[in-house]
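K.L.:
Residue numbers (the working numbering): 1 to 151.
#1: What residue range does the alpha helix (DSSP H) around residue 121 cover?
#2: Do residue 39 and residue 131 have their CB atoms nearer than 7 Å?
#3: For residue 22, name the three-state secondary structure that DSSP assigns.
#4: Kindly indicate which residue of 87, 78, 94, 27 has the alpha-carbon position closest to the one of residue 52.
#5: Go through its chain and collect everything with a Cβ distance to residue 65's Cβ below 8 Å, but skip five positions before and after it.
#6: By Cβ distance, which residues of its chain are closer than 6 Å to residue 26, with the 5 residues on each side in sequence left out?
#7: Leaving aside the five residues before and after residue 81 along the sequence, list all residues of the same chain whose C-beta is less than 7 Å from its C-beta, in chain order.
#8: Which same chain residues end up closer than 7 Å to residue 31 when comparing Cβ atoms and leaving out the 5 residues on each side of it in sequence?
#9: Does DSSP put residue 38 in a helix, a strand or coil?
#10: Is the separation between the beta-carbon of residue 50 and that of residue 75 shorter than 7 Å?
#11: Suppose you measure from the CA of residue 24 to the CA of residue 125; what does that come to, to the nearest Å?
#12: Exposed or buried, which one is residue 89 when buried takes at least 16 other CB atoms within 10 Å?
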């Protein structure tokens, strides 16, 4: 029997028996990958960030329940995904499409997007300074990529 590590209690690690793995498909798998890509340590942290009860997020992950459109509108920006992408992932049977694969981007991309966004807790002057520094660091690589594409 295989075990899944699930956490610590009083300084000791504990594990629970794990059922046979199911094929990796569906909204639950998609959401789990999106939560990890957005660098949330746990589904509970994600639930708190979007103002949803953690038990609801766990039902989405286990595919017992699908999110409503209102929920999708709330969680899409937090995950750095479009509403259309999440609707297609949650309701492929209604839209005749496959579940989209999570984009292959570095987790820092999403984190920087949140830090530089208008609703960021970072003061505007600091965001502008961070954006300037990042722009200067990335600019030589942009030029290199442009040369490769045109050549």
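Ideal placement from N, C-alpha and C gives every residue a C-beta, glycine not left out.
P.N.:
Considering the structure as presented:
#1: Segment: none, residue 121 is in no alpha helix (DSSP H) and carries neither H nor E.
#2: No, these two residues do not count as a Cβ contact at 7 Å.
#3: Because residue 22 sits at a pLDDT of 41, beneath the cut-off of 50, its placement in the model cannot be relied upon, and the point is left open.
#4: When each option's Cα is compared against that of residue 52, the closest is 78.
#5: Counting only Cβ-Cβ distances below 8 Å, and skipping sequence neighbours, we find 56, 59.
#6: If we look at residue 26 and ignore the five residues flanking it on each side, its Cβ neighbours are 63.
#7: The beta carbon of residue 81 lies closer than 7 Å to those of 34 in the same chain, with the five residues before and after it left out.
#8: Excluding residues within five positions, the ones whose Cβ falls inside 7 Å are 60, 61.
#9: Look at residue 38 here: in three-state DSSP terms it is coil, with no helix or strand label.
#10: Residue 50 is a Cβ neighbour of residue 75, given a cutoff of 7 Å.
#11: Note that residue 24 scores a pLDDT of 47, beneath 50, so its modelled location is shaky; the value from the coordinates is reported in the next line. Distance between the alpha carbons of residue 24 and residue 125 is about 44 Å.
#12: Around the beta carbon of residue 89, a 10 Å sphere encloses 16 or more other beta carbons of the protein chains shown; the residue is thus reported as buried.
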